[in-house]
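Engineer: After the structure tokens below, expect a handful of questions from me.
4 protein chains.
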Amino acid sequence: MKHNHIKLLNMKQNVPNITSALNTFRIETLEDGVFAIAMTLLVLNLKIPETTDQSVFHSIVKIWPNLLTFFGSFLLLGVYWFGHRTALHYIKNADHTFHWLGILILMFVSIVPFSASMIANYYHDQGAIILYGLNLITISLTMYWQWYYATSGYRLIDKDLPAYVIRFAKNRFIFAPIAYLLAICFSLVNSVIPLILYTILPVFYILPFFVQVWEKIAKYQVSRRSHRQSSI
Amino acid sequence: MKHNHIKLLNMKQNVPNITSALNTFRIETLEDGVFAIAMTLLVLNLKIPETTDQSVFHSIVKIWPNLLTFFGSFLLLGVYWFGHRTALHYIKNADHTFHWLGILILMFVSIVPFSASMIANYYHDQGAIILYGLNLITISLTMYWQWYYATSGYRLIDKDLPAYVIRFAKNRFIFAPIAYLLAICFSLVNSVIPLILYTILPVFYILPFFVQVWEKIAKYQVSRRSHRQSSI
Amino acid sequence: MKHNHIKLLNMKQNVPNITSALNTFRIETLEDGVFAIAMTLLVLNLKIPETTDQSVFHSIVKIWPNLLTFFGSFLLLGVYWFGHRTALHYIKNADHTFHWLGILILMFVSIVPFSASMIANYYHDQGAIILYGLNLITISLTMYWQWYYATSGYRLIDKDLPAYVIRFAKNRFIFAPIAYLLAICFSLVNSVIPLILYTILPVFYILPFFVQVWEKIAKYQVSRRSHRQSSI
Amino acid sequence: MKHNHIKLLNMKQNVPNITSALNTFRIETLEDGVFAIAMTLLVLNLKIPETTDQSVFHSIVKIWPNLLTFFGSFLLLGVYWFGHRTALHYIKNADHTFHWLGILILMFVSIVPFSASMIANYYHDQGAIILYGLNLITISLTMYWQWYYATSGYRLIDKDLPAYVIRFAKNRFIFAPIAYLLAICFSLVNSVIPLILYTILPVFYILPFFVQVWEKIAKYQVSRRSHRQSSI
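Chains as they are written, first to last, in the working numbering: chain L, 836 to 1067; chain G, 836 to 1067; chain U, 836 to 1067; chain A, 836 to 1067.
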């Protein structure tokens, strides 16, 4: 709401150029919808095996790969949602290209329940591990692309946005695909290490301690660059 | 948000005439919900064939018609969502008829996952190709109808909205059904050409280059008409 | 949005009494979500019978009860959504009871896909017809109850809201259950008449002509009552 | 909307510190989406047993545990939604930790349709009763944690918020898990008492009479504490 109000002041009413700025409100609502559904559809991968001779506890223990995938994938989608939500906070308005990059992101998000069901049922299969990783990489890279498009030349953001905020978001969008690529490489020799990598990755985005680390890194990168430029 | 605020100033509080203007906020939220769900339900058409003797990669390759349908239908729904979202940007308020045309649009949108599952499983069947095309045509024509209703006599839009913006949206709503009709005709002699048409259609709506082409065409049409009128 | 802004002015910040007025924004978003999902889940009742010896056209024709139920139930949910959306337009703020009546409404709305699948598969069964009708009656009556609660003594609406607007909404909320009750009675002797009643009912809410009729009736009722009161 | 506007005034634009305050708008939309979907997915647990020799009425009666679970779980989710919605009304802005506690809440909410299907099909099984209770306890405790985080030291709320409002919400978030724990204990000796406890619990949150009781208790607790402090 906040930034929508600010945008309101920045924008002329009924802009003649059709392809120019719309606000981000509708794409945000669509995004919240797609994320909410993708997150909740993950639960459909949970099914109790119909065995009447066992207690429910035993049945639940037996579907541990599905449970692990549910919690892991939910948190990963949470990481993406919160990362993108924070990025959109700084976007003043949204043009044609920005909207379509957003729709691409949602396309890759909405396929996650399928990739997750694949890795839950075939977690020992190299193909399932690689495809799950590739799915997550496409989300990350499209988010990076959209953020790059919006911030290069301050196209859709305020001119006074500190450089390290832009850097911070870029780092976070590009870190995950590197980790996934590593997981995919490990999958060639071992099927447990990639699963561990997928599971612990959210930690680096969720724990408040790491947020401060990310912020310090971004500030350091920006200060080093400005230092280098001023010394020339 | 933007146009909602502007509407706020244009509208009297608690208008005595019940059938007169409501704002477009609620129908937009409902629309974002229906689109988000229809888009995400498409993923339910993706199912890995349960064959334990094959790697997941081979299974994925075997369901290529389902994957193509998923990505194609998602992008087509994206085209519809973004087209309608842009059109609604210019709508000041929404009356009884406008709301109901909107609900009709959503009815045809919500049936897309069914049409898509049909064409994914029976892509060689002429009937599936035709019904998929008819489904998309009904969405397009209802959107055209709603836009025609809202803009004729500046019923629900601002009087100072440039004529070429109205033309631009009309062209885009009417172009798709013509392409689908063509696809349906081709389906009588060949089952591959229609599928290609369905797949490449989004390109004309998504690539920024084509947006400029659409805009030039709309401006040319409007200028030619005003020229003709002034020469009389 | 409109009425939310107005409410903003009417309400004190951080009201001491917890059970007093919240705004209606969140319950409206939840409602749009539940309606969007219930409407889109209706499509899951559509399944093509897997027969390889038939064309898709023949298969589609064979599931006509499911198709009729899909379109009919979608339009009925549209009637409920639009009726409630219009009613909420006049609600200034929402207290504990108002919220809970709203959640009850959504509970009965979310069960519609189940009732619809029942009548689609067992449309010749009296029980299915009655349960479908009872489901719709509970939605109508809870909406009536909520509207009655909000408007009696101008509890949650503006004091200057014309009496015929209140009457108009009450009439529309109470008309449907009467028609459904009639359908249930007919189901005892005939299984086609109830289905026709369910199918044509939306017409009286959707066609703009009937909206004017409803409005005239409400105005007449109000004027007659005020006439009677002044003549005493 | 109300509190979002107020926040607008309280917050500086494009705050340098990335981890500092965002508004609560987006997490609220996501929450409404997840709750709407979880509530509506409950209906997928309702399936008519396919027996052609029975009337639909008889089939419906036979799935009474599923129906009871549907209505009971829907009302419980309603209790959680409304409790959290009321709490968020008082939150001025949302930081990193607040967002992530919110995502955790939604994770436990989105798994409810699974727990509900488990208890509906295995209501006589102690494991199903315990897991259903544990699911509800995790939602309650995470909500309590988030509220505690937001209110301790007036971190994310207004300084002038009366102490009894904070107490009121805390009591309500902590009461449910105690009842669930009791239900789990009873499940060791009896499988009916826990089901009764799950079913009647919503009553204490829904009936307006009990809201006043909760409010009086919170006021009493606060007054007693301030009395004790002033007497020292």
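Glycine residues also receive a C-beta, built at the ideal position from the N, C-alpha and C atoms.
#1: Per DSSP, residue 926 (chain L) forms a beta bridge with which residues?
#2: Give me whichever residues DSSP pairs with residue 857 (chain U) in a beta bridge.
#3: Whose C-alpha, out of A:905, A:883, A:904, is nearest the C-alpha of residue 895 (chain A)?
#4: Can you give me the start and stop residues for the alpha helix (DSSP H) that residue 1050 (chain U) sits inside?
#5: Taking C-alpha atoms, which residue in U:866, U:987, U:980 lies nearest to residue 945 (chain U)?
#6: Quick one, which of U:926, U:1002, U:939, U:929 has its alpha-carbon nearest residue 971 (chain U)'s?
#7: Let's see if you can read the secondary structure: which residues bound the alpha helix (DSSP H) around residue 961 (chain A)?
#8: Is there a C-beta anywhere in chain L that falls below 7 Å from the one on residue 962 (chain A)?
#9: Just to confirm my understanding: we take residue 959 (chain G), look at its own chain, exclude 5 residues before and 5 after, and list those with CB closer than 7 Å. What are they?
#10: With a cut-off of 8 Å on the beta carbons, I'd call residue 954 (chain L) and residue 904 (chain L) a contact; round off their distance for me.
#11: Please list the residues of the segment 891–902 of chain A that have a C-beta atom closer than 7 Å to any C-beta atom in chain U, keeping them in chain order.
#12: Can you tell me the Cα-Cα spacing of residue 984 (chain G) and residue 1054 (chain A), whole angstroms?
#13: Is the CB of residue 953 (chain U) under 7 Å away from at least one CB in chain A?
#14: In the segment 1007–1026 of chain G, which residues sit with their C-beta less than 9 Å from some C-beta in chain U, listed in chain order?
#15: I'd like the list of long-range same chain contacts for residue 1049 (chain G), defined as Cβ closer than 7 Å, with 5 residues on each side in sequence excluded.
#16: Cβ of residue 991 (chain U) less than 7 Å from any chain A Cβ?
#17: Throw me the rounded Cβ distance for the residue 926 (chain A) and residue 991 (chain A) pair, which I believe falls under 8 Å.
#18: Give me the residue from G:1051, G:962, G:996 with the minimum Cα distance to residue 1020 (chain G).
#19: Can you tell which of A:1060, A:1024, A:1013, A:1045 has the C-alpha that lies nearest to the C-alpha of residue 979 (chain A)?
#20: Using the rule of at least 16 other Cβ atoms within 10 Å of the residue's Cβ for burial, across every protein chain shown, is residue 943 (chain G) buried or exposed?
#21: Applying a beta-carbon distance threshold of less than 7 Å, which residues of chain L neighbour residue 861 (chain A)?
#22: Would you verify that the beta carbon of residue 1058 (chain G) is, or is not, closer than 7 Å to some beta carbon of chain U?
#23: Can you give the Cα-Cα distance for residue 841 (chain U) and residue 967 (chain L), rounded to whole angstroms?
#24: Under 7 Å between C-beta atoms, does residue 881 (chain G) make it to chain L?
#25: Please return the same chain residues whose Cβ sits closer than 7 Å to the Cβ of residue 1015 (chain U), not counting the five positions on each side in sequence.
#26: Tell whether a beta-carbon distance below 7 Å holds between residue 934 (chain G) and residue 862 (chain G).
#27: For residue 885 (chain G), which three-state DSSP category applies?
#28: Determine the extent of the alpha helix (DSSP H) in which residue 1013 (chain A) is found, giving its start and end residues.
#29: Is it buried or exposed for residue 965 (chain U), if we count other Cβ within 10 angstroms and need 16 for buried?
#30: What's the gap between the Cα of residue 1010 (chain U) and the Cα of residue 1064 (chain U)?
#31: By DSSP, does residue 956 (chain L) sit in helix, in strand, or in coil?
#32: Under 7 Å Cβ to Cβ from residue 996 (chain G), same chain only, skipping five residues before and after it: list those, please.
#33: Assuming residue 1040 (chain A) and residue 914 (chain A) make a contact with CB atoms under 8 Å, what is their CB distance in whole Å?
#34: Rounded C-beta distance between residue 986 (chain A) and residue 907 (chain A)? I'm assuming under 8 Å.
#35: If the cut is a Cβ gap below 8 Å, which residues of chain A does residue 872 (chain L) touch?
#36: Going by the CB atoms, is the gap between residue 928 (chain A) and residue 858 (chain A) shorter than 7 Å?
Structural biologist: According to the structure shown:
#1: Here residue 926 (chain L) refers to the residue found at position 91 when the first sequence is read from its first residue. According to DSSP, which records beta bridges pairwise, residue 926 (chain L) is partnered with L:992.
#2: The residue labelled residue 857 (chain U) in the question sits at position 22 within the third sequence. In the DSSP output, where bridge partners are listed per residue, residue 857 (chain U) has U:929.
#3: Mapped onto the fourth sequence, residue 895 (chain A) falls at position 60. The candidate whose alpha carbon is nearest that of residue 895 (chain A) is A:883.
#4: Position 215 of the third sequence, counted from the first residue, corresponds to residue 1050 (chain U). Its alpha helix (DSSP H) spans residues 1043–1066.
#5: Numbered from 1 along the third sequence, position 110 holds the residue referred to as residue 945 (chain U). For the residues U:866, U:987, U:980, the minimum Cα distance to residue 945 (chain U) belongs to U:866.
#6: Counting from one through the third sequence, the residue named residue 971 (chain U) turns up at place 136. The residue with the shortest Cα to Cα distance from residue 971 (chain U) is U:939.
#7: Counting from 1 along the fourth sequence, the entry for residue 961 (chain A) is found at position 126. Looking at the DSSP string, the run of the alpha helix (DSSP H) that includes residue 961 (chain A) is 961–986.
#8: As a first step, residue 962 (chain A) is located in the fourth sequence; it is residue number 127 there, counting from the start. Yes, contact with chain L.
#9: One-based indexing of the second sequence puts residue 959 (chain G) at position 124. These residues qualify, in order along the chain: 1026.
#10: Counted from its first residue, the first sequence places residue 954 (chain L) at position 119. Counted from its first residue, the first sequence places residue 904 (chain L) at position 69. With a Cβ gap of about 6 Å, residue 954 (chain L) and residue 904 (chain L) count as contacting.
#11: 891, 892, 895
#12: Numbered from 1 along the second sequence, position 149 holds the residue referred to as residue 984 (chain G). Numbered from 1 along the fourth sequence, position 219 holds the residue referred to as residue 1054 (chain A). Residue 984 (chain G) and residue 1054 (chain A): Cα-Cα distance of roughly 57 Å.
#13: Here residue 953 (chain U) is taken as the residue at index 118 of the third sequence, counted from 1. It does: the Cβ of residue 953 (chain U) has a partner Cβ on chain A nearer than 7 Å.
#14: none
#15: Position 214 of the second sequence, counting from 1, holds the residue named residue 1049 (chain G). Here the set comprises 1003, 1006, 1007.
#16: Residue numbering aside, residue 991 (chain U) sits at position 156 when the third sequence is read from its first letter. Residue 991 (chain U) does not count as touching chain A.
#17: For the purposes of this step, residue 926 (chain A) is taken as residue 91 along the fourth sequence, with counting starting at 1. For the purposes of this step, residue 991 (chain A) is taken as residue 156 along the fourth sequence, with counting starting at 1. Indeed, because the Cβ distance is near 5 Å, the residues count as touching under 8 Å.
#18: Taking the second sequence and counting its residues from 1, one reaches residue 1020 (chain G) at position 185. Residue G:962 is the option with its Cα nearest to residue 1020 (chain G).
#19: Position 144 of the fourth sequence holds residue 979 (chain A). With distances taken between Cα atoms, residue 979 (chain A) lies closest to A:1013.
#20: Looking up residue 943 (chain G) in the second sequence gives position 108. Classification for residue 943 (chain G): buried.
#21: As a position in the fourth sequence, residue 861 (chain A) is number 26, starting the count at 1. Correct list: 863, 867, 920.
#22: Indexing the second sequence from 1 puts residue 1058 (chain G) at position 223. It does not: the Cβ of residue 1058 (chain G) has no partner Cβ on chain U nearer than 7 Å.
#23: What you label residue 841 (chain U) is simply residue 6 of the third sequence in a count that begins at 1. What you label residue 967 (chain L) is simply residue 132 of the first sequence in a count that begins at 1. Because residue 841 (chain U) carries a pLDDT of 34, less than 50, the predicted location of this residue cannot be relied on, and the following value inherits that uncertainty. Their Cα atoms are separated by approximately 48 Å.
#24: For the purposes of this step, residue 881 (chain G) is taken as the residue at position 46 of the second sequence. For residue 881 (chain G), the answer is yes, since a Cβ of chain L falls inside 7 Å of its Cβ.
#25: As a working note, residue 1015 (chain U) is residue 180 in the third sequence. Same-chain partners within the cutoff: 968, 971, 972.
#26: Numbered from its first residue, the second sequence carries residue 934 (chain G) at position 99. Numbered from its first residue, the second sequence carries residue 862 (chain G) at position 27. Their beta carbons are under 7 Å apart, which means residue 934 (chain G) touches residue 862 (chain G) by this criterion.
#27: Against the second sequence, residue 885 (chain G) aligns to sequence position 50. Of the three classes helix, strand and coil, the one that applies to residue 885 (chain G) here is coil, per DSSP.
#28: As a first step, residue 1013 (chain A) is located in the fourth sequence; it is residue number 178 there, counting from the start. First-last of the alpha helix (DSSP H) with residue 1013 (chain A): 998–1022.
#29: Residue 965 (chain U) sits at position 130 when you count from the first residue of the third sequence. Counting Cβ neighbours within 10 Å, residue 965 (chain U) comes out buried, since at least 16 surround it.
#30: Taking the first residue of the third sequence as 1, we reach residue 1010 (chain U) at position 175. Taking the first residue of the third sequence as 1, we reach residue 1064 (chain U) at position 229. Each residue's alpha carbon lies about 26 Å from the other.
#31: In the first sequence, residue 956 (chain L) corresponds to position 121, counting from 1. Note: residue 956 (chain L) maps to helix in three-state DSSP.
#32: As a first step, residue 996 (chain G) is located in the second sequence; it is residue number 161 there, counting from the start. These residues qualify, in order along the chain: 925.
#33: Here residue 1040 (chain A) refers to the residue found at position 205 when the fourth sequence is read from its first residue. Here residue 914 (chain A) refers to the residue found at position 79 when the fourth sequence is read from its first residue. Correct: roughly 4 Å between the Cβ atoms.
#34: As a first step, residue 986 (chain A) must be located in the fourth sequence, where it is residue number 151. As a first step, residue 907 (chain A) must be located in the fourth sequence, where it is residue number 72. That pair is no contact at about 30 Å.
#35: On the first sequence, residue 872 (chain L) is found 37 positions in, with the first residue counted as 1. In chain order: 868, 872.
#36: Along the fourth sequence, read from residue 1 onward, the residue named residue 858 (chain A) stands at position 23. Along the fourth sequence, read from residue 1 onward, the residue named residue 928 (chain A) stands at position 93. Yes.
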